[in-house]
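Novice:
In my numbering, the protein residues as written are 8 to 641.
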């Protein structure tokens, strides 16, 4: 084996090379003047980068491949254009900057972003939220508006990331804002907005010119439109309850996505999409029905103590029409109040996006309560208008209470005779039931006579339940201690939150609960007095007594966060019901006269209707079967 020796010559060589390198670095170091100039240039470049935010396409050219071209350097510009593509190239020009175009009308403050070409801010000038801040439907990046453009060279361009060139012109009294995403002066994609001076509706179109050689229209071209809706009411959970995505499709059909949780749907022939956030809406109206529109909603309020900024996130994916690379899509954009009076001014049935209630309930609201309240509030304060409307409704419906009390009075007069029948046939319930029905038929008294009139009140009750929370006219209208009849009133703020109830105390629900308690106590006593004595009645009596307390407690808890106008209605309504009941009981109905009339009715021949005959026949058959079974057992 060869012995390893220490190589002194190699070490001397390495030392000499290292020394030469150190000397060359010292010799070529920059002077203090050169260092200052270099620092100055770096600051200038940093400033330019801050002012000009360049978009990055999927095929961005490396910095070492091209030096930054100047507008006069035609060869470099052409080379860069060929490598990047026309659209991507347009985003490298000095005009591609994050600037905004601001336009104002009598009702809207609008800000258009050069990046993406869509609205980055929409402020409603005539309205403020619960904290006196102007209503912002779009602001601080809560919306997303993007078109995916497949190109003929197999790339995908997203307009949200591209820069548009703005132009503002006048068309008579209207203001026209054009945002163009250019490949050249004769090749571009254009968003065109036309704004009227005093109108919440904006004409909006997506068109193009000369893109047949650039855009691959054989592939799907979709518009993605998303919006996270801001909270504008003092109760985020209450506002969220009336925040929904509603749409018209297949002619005049109206539907909506789920109120809570997540939901999505694919719809055909979509006419309009409404991103309704309770009292304000963002609506897209299509001139031509949209095929296969994908829509979705996500509830953003899981904990109202934490989730206090947004209510829901709405999203729509809409196929656009491109023919031979050219776009022809006309829409209208509505940014404004969810007010039926305003929405009716447009010929698109946009007022159907307001949840008046389905079927007969919606019909009652649209054709009776809304016109009536509009008339009354035209010359009365809004709180007084609610009271007057309540009085009128109760007077019209007073015949229902009269029929109920008359039926109960008749049953009360017949109670001794009905008890005697049950005692006589206590071992034969079928026979007792037959004689009971016969007596009620002759006397003209029936338990159903008191139930049926009560059913008439249900459509009115539910229609008003839907009317007050959606009545835009009540928004921010005060009455007595309530600052806003469309929201809850507050007489005390609690230092803690009570589940279901909240962290405040509302007075109108308390007053309504007290009125309901006394009304139910009076009506329950009347019902108990008219009911015949029978097995099981003590338990029924306990249930009815529990309801006297249960209903007011429900009112107290669940209406603490509801519109104070609705609680005011229930308070006045029950007070009037108590008054009507006292008048009917003490001044209209006379039990002695009722008893005398019943005796007269019993002497008259009484024909049974088909239903009564059928019931009597069924009971006779059942009695015969029972008797035959007993004989067989013997």
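Using N, Cα and C, we set each Cβ at its ideal position, and we do this for glycine too.
None of the values given here were measured: they were computed from a predicted structure.
#1: So, for residue 174: in the same chain, excluding its five sequence neighbours on each side, which residues have a beta-carbon less than 6 Å away from its beta-carbon?
#2: Classify residue 239 as buried or exposed, calling it buried when 16 or more other Cβ atoms lie within 10 Å of its own Cβ.
#3: Taking its Cβ as the centre, do 16 or more other Cβ atoms sit within 10 Å of residue 169, making it buried, or is it exposed?
#4: Please report the residue range of the alpha helix (DSSP H) in which residue 248 lies.
#5: Taking buried to mean at least 16 other C-beta atoms within 10 Å of its own C-beta, is residue 139 buried or exposed?
#6: In terms of alpha-carbon separation, which member of 324, 289, 395, 594 lies closest to residue 302?
#7: Mind checking who residue 283 pairs with in its DSSP beta bridge?
#8: Return yes when the Cβ of residue 157 is within less than 7 Å of the Cβ of residue 247, no when it is not.
#9: Name the two residues that bound the continuous beta strand (DSSP E) containing residue 488.
#10: If we call anything under 7 Å between Cβ atoms a contact, is residue 333 one with residue 261?
#11: Put residue 213 into one of helix, strand or coil per three-state DSSP.
#12: In whole angstroms, give me the CA-to-CA distance for residue 489 and residue 567.
#13: At what residues does the alpha helix (DSSP H) containing residue 397 begin and finish?
#14: At which residue ranges does the region 148-172 contain complete alpha helix (DSSP H) runs of 4 or more residues, listed in the order of the chain?
#15: Just to confirm the assignment, what range does the alpha helix (DSSP H) spanning residue 581 have?
#16: Between 145, 148, 164, which has its C-alpha nearest residue 3's C-alpha?
#17: Taking the alpha helix (DSSP H) that residue 7 belongs to, which residues open and close that run?
#18: Go ahead and pull the three-state DSSP assignment for residue 410.
#19: Helix, strand or coil for residue 509 per DSSP?
#20: Checking 7 Å against the spacing of the C-beta atoms, do residue 328 and residue 336 come in under that value?
#21: Taking only the alpha-carbon atoms, compute the straight-line gap between residue 338 and residue 514 and give it to the nearest angstrom.
#22: My output table needs one value for residue 385: the three-state DSSP class, helix, strand or coil.
#23: Could you check how far apart the C-beta atoms of residue 287 and residue 142 are, in whole angstroms? I think they sit under 8 Å.
#24: Thinking C-alpha only, which one of 348, 577, 494, 591 is nearest residue 244?
#25: Nearest to residue 228 by alpha carbon, out of 291, 470, 378, 326?
#26: Since residue 343 contacts residue 131 with CB under 8 Å, what's their CB separation in whole angstroms?
#27: List the residues that DSSP assigns as beta-bridge partners of residue 338.
#28: CA-CA distance, residue 503 and residue 314?
#29: Take every Cβ of the region 197-211, pair it with every Cβ of the region 250-269, and state whether three or more of those distances are shorter than 8 Å.
#30: Could you give the DSSP three-state label for residue 4: helix, strand or coil?
#31: Count the other CB atoms within 10 Å of the CB of residue 403; is the residue buried (16 or more) or exposed (fewer)?
#32: State the Cα-Cα distance for the pair residue 310 and residue 242, rounded to the nearest angstrom.
#33: In terms of alpha-carbon separation, which member of 122, 221, 172 lies closest to residue 162?
#34: Return the CA-CA distance between residue 149 and residue 211, expressed in angstroms with no decimal places.
#35: What is the DSSP secondary structure of residue 522, counted as helix, strand or coil?
Specialist: To lay it out plainly:
#1: 185
#2: buried
#3: buried
#4: 243-248
#5: exposed
#6: Here the closest residue by C-alpha is 324.
#7: 251, 288
#8: no
#9: It is not in any beta strand (DSSP E) - residue 488 carries neither H nor E in the DSSP assignment.
#10: Taking 7 Å as the Cβ cut-off, residue 333 and residue 261 do not qualify as a contacting pair.
#11: Secondary structure of residue 213 (DSSP, three-state): strand.
#12: Spanning the two alpha carbons is a distance of roughly 13 Å.
#13: Residues 389-403.
#14: none
#15: 571-590
#16: Not covered by the structure: residue 3. The range shown for the chain is 8 to 641.
#17: The shown model of the chain, from 8 to 641, leaves out residue 7, and the question about it has no answer.
#18: helix
#19: Residue 509 falls in the strand class under three-state DSSP.
#20: yes
#21: 46 Å
#22: Three-state result, residue 385: coil.
#23: 6 Å
#24: The candidate whose alpha carbon is nearest that of residue 244 is 494.
#25: Closest option to residue 228, Cα to Cα, is 326.
#26: For residue 343 against residue 131, the beta-carbon gap comes to about 7 Å, under 8 Å, which counts as contact.
#27: 211, 293
#28: 17 Å
#29: no
#30: No statement about residue 4 is possible, as the shown extent of the chain runs from 8 to 641 and does not include it.
#31: Taking a 10 Å sphere around the C-beta of residue 403, we find fewer than 16 other C-beta atoms and assign the residue as exposed.
#32: 12 Å
#33: 221
#34: 20 Å
#35: helix
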